[in-house]
Amino acid sequence: MRLSFIALFAASAVSSASAFNVNSNSKGAQRKVPITQPKAVSIPLEKNAPTWTSEVETVNERDSWVYNLDYDAFAKDVNDLGKKLLKETSEDDVEHLNKILSWRDNAALFGIATMWMGPNPLTIAALSTWTYASWTMVAHHTCHGGYNRVDAGKYNSRGFALGSIPRRVADWCDWMLPEAWNIEHNRLHHYHLGEPLDPDLVERNLEFLRTMDVSMPAKYAQVALLMPIWKWFYYAPNTFKELQIAKFKSEGKELPKSLKPEEAVTLRNLFFPQTESEKAMREVVNPIGFFAKVLSPFLFARLILLPAPLLLVPGVGGALFGHAVANLLLADMLTNIHGFITIVTNHAGEDLYKFDDEVKPKTGSFYVRQIVSSTNYATGTDPIDFSHGWLNYQIEHHVWPDLSMLQYQRGAPQLKAICEKHGVPYVQENVFERLRKTVDIMIGKTSMMDFPTHLEPKKDKALRGVTWKSTNGAIDEE
10 MRLSFIALFA ASAVSSASAF NVNSNSKGAQ RKVPITQPKA VSIPLEKNAP
60 TWTSEVETVN ERDSWVYNLD YDAFAKDVND LGKKLLKETS EDDVEHLNKI
110 LSWRDNAALF GIATMWMGPN PLTIAALSTW TYASWTMVAH HTCHGGYNRV
160 DAGKYNSRGF ALGSIPRRVA DWCDWMLPEA WNIEHNRLHH YHLGEPLDPD
210 LVERNLEFLR TMDVSMPAKY AQVALLMPIW KWFYYAPNTF KELQIAKFKS
260 EGKELPKSLK PEEAVTLRNL FFPQTESEKA MREVVNPIGF FAKVLSPFLF
310 ARLILLPAPL LLVPGVGGAL FGHAVANLLL ADMLTNIHGF ITIVTNHAGE
360 DLYKFDDEVK PKTGSFYVRQ IVSSTNYATG TDPIDFSHGW LNYQIEHHVW
410 PDLSMLQYQR GAPQLKAICE KHGVPYVQEN VFERLRKTVD IMIGKTSMMD
460 FPTHLEPKKD KALRGVTWKS TNGAIDEE
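This note's numbering numbers the first residue of the sequence shown as 10 and each following residue consecutively.
Written as C-alpha cells, this is what we have:
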C-alpha cells in the first residue's frame, strides 16, 4: 500500500535541487532590434535587473532569453514531441492507470476497514490518500481526456462524474462540482495561465493578504489556517462561480453591473458579503443553491452515509460512528494540506512569469507561457509521482493537457531537453521549496515576474479571445 502524503515527504527529501536550464545559444531570433544584446543570464534572477532600450523596445537583461528565442522552431519541436507522445498512447497507459487505481483502492479499503477505530495516523493517511488520488491522478487526467484514445472503460472525459449525484459520488466524490471544475480548470486556467483571466492566479487572488496592514507572523498564520480548508472554503465556490458566469453568458443574461468577475469567491464573502461586488455575486451564485448542489453530496456521502452502518453495531455503534467521523474529518484536513502543497504551488513564485494579454493555443508563445509560468517537482518513478499526485509534471501537463500519466513520465525528459536546446527556462525544484516561494507570494514578500509580451510574435496573439468546442483539455476536440 502506498500512503501518498507520507511518501511525499520521503520523495521530496531526496529530490534534486532546482533545475533552471537557460541556454543563451538558441538558434535564430524572432525579433530584430538594432542593438547589441547582452548574453542571456540564468535563473534565479535579480528582481531589479538592468534594462537596455532602443527606438523600438525596452528589454530587461533578465528576459534576454526571450529576445533570442526562435518561437517557430521551438513550437515545431514541442508540437512534434506532443504528436509522438499521443501516437504512443496504448494499452500500456491503461495498464498503468489500473496500477494507480489499485494503489488508490487499497488505501480506500484500508481506511474504510479501520475508520471505526479511534483516530490514528494510518487510517487518516489512507482515507486522505483515497480522496487525494481520486482527484489529482484519476479525475484530473480523465477529465482532461488523457484516456479518451484508449479503451479505459468509464475513464473518459465524456461522462466521467457528470450528470447526476450518483455518478458524481461513484466516479469522483469531492467538494468540487465536476462540471464547474471542467470550466474553471480545463478551460480558463489552462488556456489563460498567468493571465488576467486565470482564475487560479495566486498573486491576484491573495491581494487582500498581500496588502493587509498586519505583521508577517499574522499573514503566515492566515495561510496556515487556509491550508486544511481551502478546497471547500475557496476552491469549490470559486469553480462554481465560473460555471455560473459561463451559464449567464451562454443564456444571453447580463451580469450584475457591480460584479467583478475576476474576484475570487469564498464561503466568507458568499454567505457574509461586505462589498457591492460581493453582494452582486450572490445574484450569480445563490448560497443555498451552492451548498445543496456543490457541497452537500460530498458532505453527506462521505462524512455521514459512509460511516452510518456503524450505528447498527449494538451497544457501541454511536462511539464507532464518532470515531469514523473523526477519522474522516482529519483525513479531509490532511488531503487539503497535501493538495495545497502540491497544487497551489504549481504556478506561484518569484521565479515564474505572469502575462498581460492572451495568446492562441498551440503556438510558440502559448507553449513558452505554459513552461515559464509552471514548475515541476521531483519526478521519474511511480512512487514519487504518486506521492505528488502527478502534479510534479505540471510543465508537461500544461503544454499537452490531454496526455495520460504514463506519457507525462516519458515526455518530461524530452521536453526538458527541448527547453535546454532553445534556452527556455525549465523550473524544477523540491516541492517544499516551492511551498516556501508560494507562501512568499501570498503574503506579499515577493512578486511574480512580468513577462515582456511585446517580444512575442504578433501572429500568436489571441486578439478575439479563446473559444472552446469541449470542456476537457483538448481545446480543438469536438
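Where a beta carbon is used, it is the ideal one built from N, C-alpha and C, also for glycine.
| Query | Result |
| --- | --- |
| Residue span of the alpha helix (DSSP H) that contains A488, given as start and end | Shown here, the chain extends from 10 to 487; a query on residue 488 therefore has no answer. |
| Distance between P282 and K228 (C-alpha atoms, nearest Å) | 22 Å |
| Sufficient close CB pairs (3 or more, under 8 Å) joining the segment 148–167 to the segment 268–286 | no |
| Exposure of L234, with buried meaning 16 or more beta-carbon neighbours within 10 Å | exposed |
| Pair within 8 Å by beta-carbon distance, V294 and K240 | no |
| Where S63 sits in the DSSP three-state scheme | Reliability of the predicted coordinates at S63 is poor, the pLDDT of 37 falling under 50, and no value is obtained from them. |
| Beta-carbon separation (whole angstroms), Y376 vs T388, contact threshold 8 Å | At roughly 19 Å, the Cβ-Cβ gap does not stay under 8 Å, so Y376 and T388 are not in contact. |
| Nearest residue (CA-CA) to V334, options L312, H347, V325 and V353 | L312 |
| Alpha-carbon spacing of N107 relative to L415, whole angstroms | 11 Å |
| Segment contact, 8 Å Cβ cut-off, at least three pairs: the segment 167–176 with the segment 137–157 | yes |
| Beta-carbon proximity list for G91, same chain, < 6 Å, skipping 5 on both sides | W409 |
| Which of helix, strand or coil DSSP assigns to M458 | strand |
| Enclosing alpha helix (DSSP H) for F309 [first to last residue] | S305 to F309 |
| Inter-stretch contact at 8 Å, needing at least 3 Cβ pairs: the segment 383–398 / the segment 118–127 | no |
| Neighbour-count burial assignment, R473, 16 or more Cβ in a 10 Å radius | exposed |
| Residues near C330 in its chain [Cβ-Cβ closer than 6 Å; skip 5 each side] | First, the residue type needs correcting, since residue 330 is Phe and not Cys in the sequence shown. Closer than 6 Å at Cβ, skipping near neighbours: P316, L319 and L320. |
| Residues bridged to N385 (per DSSP) | Q437 |
| Sub-8 Å separation of I352 and L400 beta-carbons | yes |
| A134 versus P434 - alpha carbon distance | 36 Å |
| Cβ pair D469, K369 closer than 8 Å | yes |
| Residues sharing a beta bridge with Y244, DSSP | DSSP output for Y244 lists no bridge partner at all. |
| Exposure label - K269; buried when at least 16 CB within 10 Å | exposed |
| Inter-residue CB distance, N247 and A289 (contact presumed, cutoff 8 Å) | Contact doesn't hold; Cβ gap of about 16 Å is too wide. |
| Between the CA atoms of G398 and S99 - distance to the nearest angstrom | 22 Å |
| Beta-carbon separation (whole angstroms), V232 vs I452, contact threshold 8 Å | 7 Å |
| DSSP bridge partner residues for K470 (one or two, in chain order) | V368 |
| Exposure label - Y244; buried when at least 16 CB within 10 Å | buried |
| Sufficient close CB pairs (3 or more, under 8 Å) joining the segment 181–192 to the segment 135–151 | yes |
| Three-state secondary structure (DSSP) of K262 | coil |
| Beta-carbon separation (whole angstroms), I427 vs D86, contact threshold 8 Å | 5 Å |
| Residues bridged to Y362 (per DSSP) | M458 |
| Between the CA atoms of S137 and A497 - distance to the nearest angstrom | Nothing about residue 497 can be reported from this structure: the residues present for the chain run from 10 to 487 only. |
| Sequence ranges, beta strand (DSSP E) only - wholly within the segment 66–104, length at least 3 | 67–69 |
| Between the CA atoms of S413 and H356 - distance to the nearest angstrom | 21 Å |
| Buried/exposed call for K56, threshold 16 Cβ in 10 Å | Residue confidence is low: K56 scores 44 on pLDDT, short of 50, so the model does not pin down where it sits. Its coordinate-derived value is still stated next. K56 should be labelled exposed. |
| 8 Å Cβ cutoff met for H431 and L78 | yes |
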